[in-house]
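Engineer:
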Amino acid sequence: MSNNKQDSWQLAGETYNSRLIVGTGKYKDFPETAAAIEASGAEIVTVAVRRVNISNPNEPMLMDFVDPKKYTYLPNTAGCFTADDAIRTLRLAREAGGWDLVKLEVLGDQKTLYPNMEETLPAAQTLIKEGFKVMVYCSDDPIAAKRLEDMGCVAIMPLGAPIGSGLGIQNPVQIRLIIEQANVPVLVDAGVGTASDAAVAMELGCDGVLMNTAIADAKNPVLMAGAMRRAVMAGRDAYLAGRMPKKRYADPSSPLSGLI
Amino acid sequence: MITITINGDTKTLKQPESLATLLISLEIDPKRVAVEHNLEIAPKSTYDVVEIKNGDRLEIVHFIGGGNTK
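If you read the protein sequences in the order shown, they are chains A and B.
Using numbering that gives the first Met the number 0, the first residue of the first sequence is number 0, and each one after it goes up by one.
Using numbering that gives the first Met the number 0, the first residue of the second sequence is number 0, and each one after it goes up by one.
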């Protein structure tokens, strides 16, 4: 039995209470980003690594609004299509921030943004060898997921639907297979569109959910961030509570004896 | 005159100079960025001694908001 306050989880040796990881992209401005993150209750936020604008190096920066001392920054490799680019990006991220915990994501093509496992596997291997703690965005293939775990990835993060699609969890069977075999945290990364999708992911037994667009592209991102926080908690509690079995016919919940 | 490439753009300098000097002239706060010098990470502790020479390629990056894609 557990309530949300005690229901913490471990990631690469650290303890976290929130099971929601949020991205920091696509918001209207930095104050909105900060307000949405606050409302989400997230303790870990993903960030991208990009070139400094040399012609205006002193424009406002994310760090001015989202304090890296308060939130765990999780540098990602969003937009990388080769192992080499992803590795270079994360080496720079480690130098810029000093953090070893990273999110590896190597994409296959522009249209689907589907993970390219052929590039992801060697990239993970190299990064782990260099001392990175790798959370890995991956396909929902349980065999590939197992290989990534055996290699030493600290979290397995299969997609629930294409990035930014908001289609919800399209592959509950595969996600469930990955969860059942895993000895490291499994997080659904990508595909959540609204609060019920996050709850579905958590009811499958995921350790957490990572999302960006579902919050940032909502009409009211701050309100949606709060909804996601509660949905993740509700889904987690429902998973722990153990759902009733599904039945093909009705089963009255009032006693039949004593009817007039 | 020497020519270098910073973040994909070419730039000319009067003469070779240290990475630290270059960052100051670009008004970039070294604490907030990371630098790749000819495909190798330049650790912050080496900025004073890394010399930027003709033909060098630099990537100067920082963190921005990002989720899965952008």
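Note that beta-carbon positions come from the ideal geometry of N, C-alpha and C, so glycine has one too.
Would the beta-carbon of residue 105 (chain A) be found less than 7 Å away from any heavy atom of the ligand NAD?
Structural biologist: Only the bare structure without any ligand can be found here, which leaves the ligand NAD out of the picture.
Engineer: Pop quiz: residue 75 (chain A) and residue 51 (chain A) are said to be a contact at Cβ under 8 Å. What is the actual Cβ separation, rounded to whole angstroms?
Structural biologist: About 18 Å separates the beta carbons of residue 75 (chain A) and residue 51 (chain A), which is beyond the 8 Å limit, so they are not a contact pair.
Engineer: Pull the bridge partners of residue 132 (chain A) from the DSSP assignment, please.
Structural biologist: A:100
Engineer: Run through the DSSP bridge pairs and tell me what residue 17 (chain B) is partnered with.
Structural biologist: BP columns for residue 17 (chain B) point to B:50.
Engineer: Using alpha carbons as the reference points, say which of B:30, B:41 and B:36 lies closest to residue 4 (chain B).
Structural biologist: B:36
Engineer: Which of the three DSSP states, helix, strand or coil, is assigned to residue 181 (chain A)?
Structural biologist: In the three-state scheme derived from DSSP, where H, G and I count as helix and E and B as strand, residue 181 (chain A) is classed as coil.
Engineer: Since residue 29 (chain B) and residue 21 (chain B) should fall inside the 8 Å C-beta cutoff, what is the C-beta to C-beta distance between them, to a whole number of angstroms?
Structural biologist: With a Cβ gap of about 10 Å, residue 29 (chain B) and residue 21 (chain B) do not count as contacting.
Engineer: Please list the residues of the stretch 52–64 of chain B that have a C-beta atom closer than 9 Å to any C-beta atom in chain A, keeping them in chain order.
Structural biologist: 58, 59, 60, 61, 62, 63 and 64
Engineer: Quick one: what does DSSP say residue 238 (chain A) is sitting in, helix, strand or coil?
Structural biologist: The answer is helix: DSSP assigns residue 238 (chain A) an H, G or I state.
Engineer: Output, in sequence order along the chain, the residues in the stretch 15–37 of chain A whose CB is closer than 7 Å to any CB in chain B.
Structural biologist: 22, 23, 24, 25, 26 and 32
Engineer: Spatial neighbours of residue 26 (chain A) within its chain, please: C-beta separation below 6 Å, excluding the five flanking residues on both sides.
Structural biologist: Answer for residue 26 (chain A): 32 and 215, listed in chain order.
Engineer: Can you check DSSP and say which residues form a bridge with residue 9 (chain A)?
Structural biologist: Paired residue(s): A:14.
Engineer: Pick helix, strand or coil for residue 83 (chain A), following the three-state DSSP scheme.
Structural biologist: Helix, per DSSP.
Engineer: Comparing C-alpha positions only, which one of B:34, B:17 and B:54 sits nearest to residue 43 (chain B)?
Structural biologist: B:34
Engineer: Can you find a CB in chain A that lies within less than 8 Å of the CB of residue 3 (chain B)?
Structural biologist: no
Engineer: How is residue 0 (chain A) classed by DSSP in three states: helix, strand or coil?
Structural biologist: Any reading at residue 0 (chain A) needs caution, since the residue's pLDDT is 44, under 50, leaving its predicted position unreliable; the model's value is listed next. Three-state result, residue 0 (chain A): coil.
Engineer: State yes or no: is the C-beta of residue 183 (chain A) within less than 8 Å of the C-beta of residue 137 (chain A)?
Structural biologist: Not closer than 8 Å, so no.
Engineer: Is the beta carbon of residue 123 (chain A) closer than 8 Å to that of residue 150 (chain A)?
Structural biologist: yes
Engineer: Return the chain-ordered ranges of every beta strand (DSSP E) run that is complete within the stretch 185–225 of chain A and spans a minimum of 3 residues.
Structural biologist: 186–188 and 207–210
Engineer: Please name the residue or residues paired with residue 35 (chain B) in a DSSP beta bridge.
Structural biologist: B:40 and B:58
Engineer: Distance check for residue 93 (chain A) and residue 38 (chain B), CA to CA, integer angstroms please.
Structural biologist: 15 Å
Engineer: If you draw a straight line from the alpha carbon of residue 17 (chain A) to that of residue 87 (chain A), how long is it in whole angstroms?
Structural biologist: 30 Å
Engineer: Answer with buried or exposed for residue 56 (chain B), where buried requires no fewer than 16 other C-beta atoms within 10 angstroms of its C-beta.
Structural biologist: exposed
Engineer: What does a CB cutoff of less than 7 Å around residue 40 (chain A) pick up in its chain, not counting 5 residues either side in sequence?
Structural biologist: Contacts found: 17, 19 and 228.
Engineer: What number of angstroms, rounded off, separates the C-alpha of residue 234 (chain A) from the C-alpha of residue 160 (chain A)?
Structural biologist: 18 Å
Engineer: When DSSP labels each residue in this structure, what does residue 74 (chain A) get in the three-state scheme?
Structural biologist: strand
Engineer: Within its chain, find whatever has a CB closer than 8 Å to the CB of residue 241 (chain A); leave out the 5 residues flanking it on each side and keep chain order.
Structural biologist: Once the five neighbours on either side are set aside, residue 241 (chain A) has no close Cβ partner at all.
Engineer: Under 7 Å Cβ to Cβ from residue 6 (chain A), same chain only, skipping five residues before and after it: list those, please.
Structural biologist: 235
Engineer: With residue 38 (chain A) and residue 231 (chain A) assumed to form a contact (beta carbons below 8 Å), what rounded beta-carbon distance in angstroms separates them?
Structural biologist: Actually they do not touch by this definition, with Cβ atoms about 13 Å apart.
Engineer: With H, G and I counted as helix, E and B as strand and the rest as coil, what does DSSP make of residue 142 (chain A)?
Structural biologist: helix
Engineer: Applying the criterion that 16 or more other CB atoms from any shown protein chain within 10 Å of the CB defines a buried residue, is residue 48 (chain B) buried or exposed?
Structural biologist: exposed
Engineer: Taking residue 200 (chain A) as the reference, give the member of A:180, A:212, A:79 and A:171 with the closest Cα.
Structural biologist: A:171
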